[in-house]
Amino acid sequence: MSSTATSPSLDLLALGEVLLRLDPGESRIRTSRRFSAWEGGGEYNVARGLRRCFGLRTGVLTAFADNEIGRLLEDLILQGGVDTTHIKWVPYDGIGRAVRNPINFTERGFGIRGAKGCVDRGHSAASQLKPGDYDWDALFADGACKWLHTGGIFAGLSETTAQLTIEACAAAKRHGVTVSYDLNYRPSLWQERGGFPAAQALNHRLAPHIDVMFGVLTDSEPAALAANNDPTDIFSAQADALSQAIETMRAQYPNIHTVAATLRRVHTATVNDWGALAYINGTFLRARNYPKLDILDRIGGGDGFVAGLIYGSLTNQSPQLTLDLAAAHGALAMSTPGDTSMATLAEVQKLAQGGDAKVQR
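Residue numbering for the sequence shown follows the UniProt record's numbering, starting at 1 and increasing by one per position.
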């Protein structure tokens, strides 16, 4: 598979897998008879949020098996306004023995019952993407794209997607395109391929090509950090630990000029404390905290955060406003069902500047 076609100038291209999400709503996967269909994927969700909420021009680099499920995914992407020029279509054998489209069953959880996902992504078309499938010089030359976003989910799908991610990030850097990477460690992707150490080894290979990192590259597997009980600063312990980790990471990779991470404490599946920390061009910043935030569907909150931070960066907002927009968009993304944001820019701006949930008439 190769591509030389170019789209009109894009603000961002997202390299990642897009899954069909089947959502049982208020029920459970194991007992439901009805499911709502959504599209979603860690990298793609960022492109869609930037297009639908923030009005930027975005596209997706992915692949589908050419069958009815793949065409449904295409239709959902088109509804989100994301450019589909660079989707690869792979012939389907009628069974899925060689190539399939991935399906993600996700229940939202409620109260003491946490959200739960069951992903069926083996042999997906996107997992079979490999170096040489895209003409990066055509995609990135002469200002055709300002920003490339990808992450650890896509890179972790297979050995070939890992190699393709390195190829894409290196090519983007050659052309002066800003590169962002969301570490997004998923144990299920690595459980038979070396676990967390293998994932981190790949991340260290990618880090020299990254400008903006979401999450912190550390030697230990991600874990919930204890939150301070001080009601005036619910995340001080998390923020202190992350700040130290960021300093260590940047000493090794000074090319990374921006590092951002969400802060979260889970009270129940539907009530979380929410905040964010960022290092932007030499300064540590904290976003406005959202203590005991009511959540309808937490999937995609982190991707909403990423989209907001990229929007602030691309539109030259101040570092503090950029981080506040990111945290606000992530919070709003968790107030609606599905992986992707349904927020408007006006809602994000209002919340970022201290607005509330009073009725608007």
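A virtual CB, placed ideally from N, CA and C, is assigned to each residue, including glycine.
- When C-alpha distances from R286 are compared across T322, Y134 and G143, the shortest belongs to T322.
- As computed with DSSP, I256 is found in no beta bridge at all.
- The C-beta distance from D240 to G215 rounds to 17 Å, too long to meet the 8 Å contact threshold.
- Beta-carbon to beta-carbon, A343 and A333 are separated by about 6 Å, close enough to satisfy the 8 Å threshold.
- The C-beta distance from I112 to G42 rounds to 26 Å, too long to meet the 8 Å contact threshold.
- The beta carbon of R108 lies closer than 6 Å to those of A115 and D297 in the same chain, with the five residues before and after it left out.
- The way I'd put it, the segment 201-217 doesn't touch the segment 59-71; fewer than three beta-carbon pairs between them come closer than 8 Å.
- C-alpha of G132 to C-alpha of A278: approximately 35 Å in a straight line.
- By the Cβ criterion, the segment 28-42 is in contact with the segment 89-108, since at least three pairs of Cβ atoms, one from each stretch, lie closer than 8 Å.
- Shown here, D273 sits in a strand according to DSSP, grouped into three states.
- Sixteen is the threshold: since fewer than 16 other Cβ atoms of the shown chains lie within 10 Å of the Cβ of C118, the residue is exposed.
- The Cβ atoms of D11 and K173 lie no closer than 9 Å to each other.
- T106 is bridged by DSSP to G117.
- In this structure, the CA atom of T84 is about 10 Å from the CA atom of D75.
- Look at P197 here: in three-state DSSP terms it is helix.
- In the three-state reduction of the DSSP assignment, G308 falls in the helix class.
- V179 is bridged by DSSP to L148.
- With a beta-carbon spacing of about 34 Å, L242 and Y134 fall beyond the 8 Å limit used to define contacts.
- In the displayed model, R186 falls within coil according to three-state DSSP, outside both helix and strand.
- Going by beta carbons, F235 and N289 fall inside the 9 Å limit.
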